[in-house]
Each structure stands twice: as structure tokens, then as C-alpha cells.
Amino acid sequence: AEMSATELGEWAEHFGKNSFSDMLLDAEFATLKSLMTGLVTGTHHDADMFSLITDPESLHEKTDDELMILGEGITGGVRYGPDSEPGH
-10 AEMSATELGE WAEHFGKNSF SDMLLDAEFA TLKSLMTGLV TGTHHDADMF
40 SLITDPESLH EKTDDELMIL GEGITGGVRY GPDSEPGH
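Sequential numbering from -10 applies to the sequence shown in the working numbering.
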């Protein structure tokens, strides 16, 4: 595949601002963990299962109601905030 000088310059500018070294290291270690787990268990595991970096587009912001419902499922938890202070 060929690339024009303009495209090369745009890529250089982009990766100058957005380094991909963290993503590269995460991908390498996720692949290594996937291979090691596959050797031990004898089954194939996708490297994405071991990635520490999540895709920001796949995450959605939870509403307050969703967070409250999730918090209700935590047993033995202590609530920190104005309602948890003595006398309230």
C-alpha cells in the first residue's frame, strides 16, 4: 500500500499527539496472557479478554438510577456520604 506525503505528515502529527505505545504494550501483554492461558487450559481465549484498556466507544455513561440499582446489589458495603453520618 502506498501513502502520500500528506497522509504521512498527518499520521506523524496524530501519533505525535496520541502516542500508541500504551495500546501497543497492552495488546502485546493481552496476547501473551491469552497464549499462556491457552497453554494451561487447552482452550482458546481471545486476547481482548485480557486487555486492560477498554474501548471508550463501547462504554456508556450510567444514569443515577442505574448506579443506585447496582449499589443495592453490593452486600456488606458501607455507604459514605451525608446519609451515612451519625445523627442522620
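Even glycine gets a Cβ: it sits at the ideal position worked out from N, Cα and C.
{"Asked": "Whether or not the segment 12 to 19 and the segment 28 to 42 are in contact is what I'm after, with contact meaning three or more pairs of Cβ atoms, one per stretch, closer than 8 Å; do they touch?", "Found": "yes"}
{"Asked": "Hey, residue 34 and residue 43 are a contact pair by Cβ (cut 8 Å); roughly how many whole angstroms apart?", "Found": "In fact, because the Cβ distance is near 17 Å, the residues do not count as touching under 8 Å."}
{"Asked": "Beta-carbon within less than 8 Å of residue 51's beta-carbon, same chain only, minus the 5 sequence neighbours each way: which residues are those?", "Found": "59"}
{"Asked": "Roughly how many angstroms lie between the CA atoms of residue 5 and residue 49, to the nearest whole one?", "Found": "28 Å"}
{"Asked": "Work out the CA separation of residue -9 and residue 0 for me, nearest whole Å.", "Found": "13 Å"}
{"Asked": "Is residue -2 helix, strand or coil when you go by DSSP?", "Found": "helix"}
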